[in-house]
Each structure stands twice: as C-alpha cells, then as structure tokens.
DNA sequence: ATAACATCGTTACATATGTAACGCTGTATT
DNA sequence: AATACAGCGTTACATATGTAACGATGTTAT
C-alpha cells in the first residue's frame, strides 16, 4: 500500500468513509462497489481502484465489509493517535465552524481557538477554549498541534499564517480568500466560498 | 472565445479577478502574467493560457491592463445582469455565510434566506430577508432565482434540494456533507469542510 | 462436487489538465 | 529609423486523472 495518495483520491476516501458510516448506522453490513459509487457520485471502477490504494480487499459476490473497510480507510487516512486541531479567527465563520466540527470527527478535534480580540480569551465556544493570538506558540507546543483552520479576514491571513508556520503548523485549512505564501513543506487546503459560488452560478447558467 | 470553460479554469478566473481587484485598489494599472501567476499560485504559462479562454489580449512589455481585464473576466464569468441568489438553512453556518457574502459580490447577491423554523421568517440577517421554506416557489419565481446555497443539516439536504430543483434552481452550492441526487442539467458545487480538514491533516502529515 | 455467475483486482486505454518551449509583436532605446 | 528585448499567444508535449475492459476468484445453487 503506497504511503502517498493523490489529492483527489484522499478526498474520495474521506467521502467513502462518511458514506460507509451512514450505512453502518443503518445496520448495513456489506456493500458493493456499485452502490458505494452511486452514493459518492463516481463510477464503480473508480471505487475499486481507490480500494487498491488503501490496500483493502473485498470478496466477490459479497462486496466490501462496511465495518472493516471503515477501519482500513481510517488506518490509511488518520494519524495513529487522535490529532489536535486549532482554529484562528473567532468571528461568525469561525464560530460556525467550531459548531460544525464539534463531535463530528473524534480523531481530529479542535482543541483551541485564537482571536486577537482579548475579550474572547477564556471563553468556551462549542466545547473549544479561546486564547489570545500571542499564546499560539505555547498552546501549539503543549498540544502538539500540526493542523490549523484559518478563518480570519483576508487582510490578516498572511500575518496569522506566518505565526502558525513558526509555531509548527504543517497542514492549513484556509477559508480566507487569499493565496497564502508558505514554505514548500507546508500543505494549504483552500476553501474559497466566493469562487465556489461563482462556479455554481456559472455552470448553473451553462449546462 | 469558447462559451464553456472547464471547472478548474473557471475557478482560476474567479481567483484572478479577485487578485486583480486588490491590485486595482492599490492603484496598480497593469500586471504581467508572471506576477499574477505568483499571486495565484500557478505558472505564468497557465495564466496566459487562461487569458486565451477569456479572449483577452495583453500587450508585450506592458502586460495586462488591470481594469479592462477585470471587465473581460466579468463578461465571461458573470451573467449579463446581476443575479439573485438564495440560501436555505439559517443556522450558524448559514448566518456566517450571509455575513460573509454581504456586499462581497454585487452581481451575485443573496436576496432571500429560508428556514423551516417559522420564527425566523420576517427577520433580516446581514441585509437578507428570511422566509419560511414553503415560500420557496413564490420567492424564487418573483426574483428569478437560479443559484442557491444549501446550509441545512445533512439529513434534510436531499429533501430541500428537491424543493429547490422544482422551484427552478440551476446551480447549487452545497455545504451539507452528502452527495445530492439531482437531474443531469443541474450543477452541484460541493463544499465539504470535513473532507477538506481531513485532507489538510493528511497532507500536512505526509509532505 | 461442480458449474454458473456476480463481483472483485488489475492492467491497459482515453481524456483532461498542466507545463514548457518557441516564434511573434510591440515598445523603448540609440 | 533600426535594433534589441521583454513579454505575449500559440502549439506541442508531459503528466495526472478517470474510464473501461478482462481475467481471476469466491459463493451459491443444483
């Protein structure tokens, strides 16, 4: 099993796992590549090819065992131990995201939020404690935080990003609509809502 | 100039336009493909190739005129007239998005928000009026809404989606972590924050 | 026990996307 | 006015990604 998968593949694996979890909740024990493909909006061949990447083997005429496949994808995607995540920028969007992720992925828990408004420090929002921005280094070190979510306004994003990289961030989920400049070994995942909306409008208009 | 561009290309054009707007605010009149490429995180060749799609021509040794390029990209990406957008699901995330888009893209304005909690009807949030879900057909017809943002919980997303398609939605920006089933002529743009976070963590871990 | 069948794993192919090379063009300089 | 040069537009190439075809495999039913 290769230790590195492509961006697209990782995205699909994450999606498969979520779909499989839903199936498990509905007491579904096994699933065929066809069905999983339909739910994920891809072809059955794509699913089988992705399973190869994970190194998981199904059984002809039986399909994939839901529970053990979830386990296998987890071993591939997740770190061996639960990971601590931080969020910077406790505005409307930051709070919404804290709420969104609260309890959603136990292995990827947001344990600290930072804001440059000092009055927010000490507050607990959706189970997450707030700190001042200057506390980033110590809190990162204490919790071994490597993954961060940036939800500050665009004009502060680069500045915050630099602080985070210095503090040891490796993976950044960036909601600010700017291209962050980072060292090559850092991974930035951009969520650009403006672009997404414009794409929805554009392709909705031209079928 | 081709009337249809690829998904990726449209995403980059949207990004270029935003970067160009920033430049314009800083009174920058013209820009080279190199600089625009650097800001967007792509190669110069990519920028020039994308300009071909838009049908915009620069001038050797002078580069691209910022103002007229913004205009050209707008003509390519935007509808001839400003478009009305709706949002469904006025929870934490919905409100954050209403605030985020408030005044950001004048040609793509969120004019109506819907929620199944009747107490929200009549409220105005970030300049956007709230309605009950059952009012979707009439409000869509009145405002000729074709683009919608879905921010309802996962278990209600498909149901809401069906209503929206019936009401005439063509482009859907979906924040719910489920694969929506829609007719072929409808375009769904998924923003999957869970997957994005998992990707950030995965690639941060494996450089 | 054996044969038929459905589904899997894998390899080979097709398409989409990005990168680089190259000649062209217009400006600026002497 | 002629020449040098920086940057553009385009074409050709390389890589990445997705699709489909095909043989292998295990289960089930006779």
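Residue numbers (the numbering used here), protein chains in the order written: chain A, 1439 to 1645; chain B, 1439 to 1645.
C-beta atoms are modelled at their ideal positions from N, C-alpha and C, and glycine is treated no differently.
Min CB distance residue i to chain B below 8 Å
i                       : result
residue 1499 of chain A : no
residue 1551 of chain A : no
residue 1493 of chain A : no
residue 1473 of chain A : no
residue 1637 of chain A : yes
residue 1448 of chain A : yes
residue 1538 of chain A : yes
residue 1530 of chain A : yes
Cβ neighbours of residue i in the same chain (closer than 7 Å, five flanking residues each side left out)
i                       : result
residue 1529 of chain B : 1589
residue 1517 of chain A : none
Buried/exposed call for residue i, threshold 16 Cβ in 10 Å
i                       : result
residue 1498 of chain B : exposed
residue 1562 of chain A : exposed
residue 1450 of chain B : buried
residue 1456 of chain A : buried
residue 1555 of chain B : exposed
residue 1614 of chain A : buried
residue 1644 of chain B : exposed
residue 1631 of chain A : buried
residue 1465 of chain B : exposed
residue 1553 of chain A : buried
residue 1636 of chain B : buried
Residue-level contact to chain A via CB, residue i, 8 Å cutoff
i                       : result
residue 1456 of chain B : yes
residue 1479 of chain B : yes
residue 1642 of chain B : yes
residue 1582 of chain B : no
residue 1579 of chain B : no
Beta strand (DSSP E) segment containing residue i, residue limits
i                       : result
residue 1583 of chain A : No beta strand (DSSP E) contains residue 1583 of chain A, which DSSP labels as neither H nor E.
residue 1626 of chain A : 1625-1628
Those residues which DSSP pairs with residue i across a bridge
i                       : result
residue 1553 of chain B : B:1570
residue 1454 of chain A : According to DSSP, which records beta bridges pairwise, residue 1454 of chain A is partnered with nothing at all.
residue 1526 of chain A : A:1552, A:1588
residue 1479 of chain A : DSSP output for residue 1479 of chain A lists no bridge partner at all.
residue 1609 of chain B : B:1585, B:1625
residue 1469 of chain B : B:1502
residue 1521 of chain B : B:1546
residue 1562 of chain B : B:1567
Contacts around residue i, its chain only, beta-carbon distance under 8 Å, and the 5 residues preceding and following it disregarded
i                       : result
residue 1416 of chain A : Since the first and last residues shown for chain A are 1439 and 1645, residue 1416 of chain A lies out of range.
residue 1488 of chain B : 1447, 1450, 1451, 1454
residue 1508 of chain B : 1455, 1458, 1459, 1462
Host alpha helix (DSSP H) of residue i (start-end)
i                       : result
residue 1530 of chain B : 1530-1539
residue 1508 of chain B : 1504-1515
residue 1635 of chain B : 1631-1643
Spatial neighbours of residue i in its chain, beta-carbon cut-off 6 Å, leaving aside the 5 residues before and after
i                       : result
residue 1482 of chain B : 1471, 1472, 1475
residue 1609 of chain B : 1585, 1625
residue 1599 of chain B : 1618
residue 1559 of chain B : 1568, 1569, 1570
residue 1607 of chain B : 1586
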